[in-house]
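Chemist: Can you keep this structure in mind? I'll have questions shortly.
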Amino acid sequence: MDLRQALEQAAKQGAAQQERILHLNDYLDLVKANPTVSASAHARVFDMVTRQGSQPGAQPEEVSYNFFADELFGMDVPLERIVRYFDSATQGHETRRRI
Numbered sequence: 345m346d347l348r349q350a351l352e353q354a355a356k357q358g359a360a361q362q363e364r365i366l367h368l369n370d371y372l373d374l375v376k377a378n379p380t381v382s383a384s385a386h387a388r389v390f391d392m393v394t395r396q397g398s399q400p401g402a403q404p405e406e407v408s409y410n411f412f413a414d415e416l417f418g419m420d421v422p423l424e425r426i427v428r429y430f431d432s433a434t435q436g437h438e439t440r441r442r443i
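Mapped onto this note's numbering, the consecutive letters of the sequence shown carry residue numbers 345 to 443.
What follows is the structure in structure tokens.
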């Protein structure tokens with residue numbers, strides 16, 4: 345699924361669910377059943393990109409991410425830097441200095 349399809353699918357789902365109040369134990373049970381509930385936005389983007397897989401880039405030590413393959417050509421190095429940014433943010437590292 346590419347970015348355009350993912351956005352179209354999200355738009356079809358409509359508005360977000362209504363807010364509900366959970367007790368801490370209920371929330372922990374929810375996260376245990378579905379860990380992505382507690383994922384940050386950075387983690388969700390990183391997962392979306394890496395789930396599509398990757399392959400070696402045109403140059404040694406470059407990585408080409410399949411997520412971008414149909415939309416962006418010849419930009420493996422900048423895209424790899426962006427993916428590394430999301431990976432770092434997913435792990436909770438300071439990201440403001442990396443932008």
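Here a beta-carbon is modelled for each residue, glycine too, at the ideal position from N, C-alpha and C.
CB His367 to CB Ala433, shorter than 8 Å?
Modeler: Contact: no.
Chemist: What's the gap between the Cα of Leu372 and the Cα of Tyr429?
Modeler: Going by the C-alpha atoms only, they are around 28 Å apart.
Chemist: Express the C-alpha separation of Val381 and Ile365 in angstroms, rounding to a whole number.
Modeler: For Ile365 and Val381, the distance between alpha carbons rounds to 15 Å.
Chemist: Got a sec? Which residues, its chain only, sit under 7 Å from Ala402 by beta carbon, not counting five neighbours each side?
Modeler: Contacts found: Asp420.
Chemist: Using a 10 Å radius around the Cβ and a threshold of 16 neighbouring Cβ atoms, would you call Phe390 buried or exposed?
Modeler: Counting Cβ neighbours within 10 Å, Phe390 comes out buried, since at least 16 surround it.
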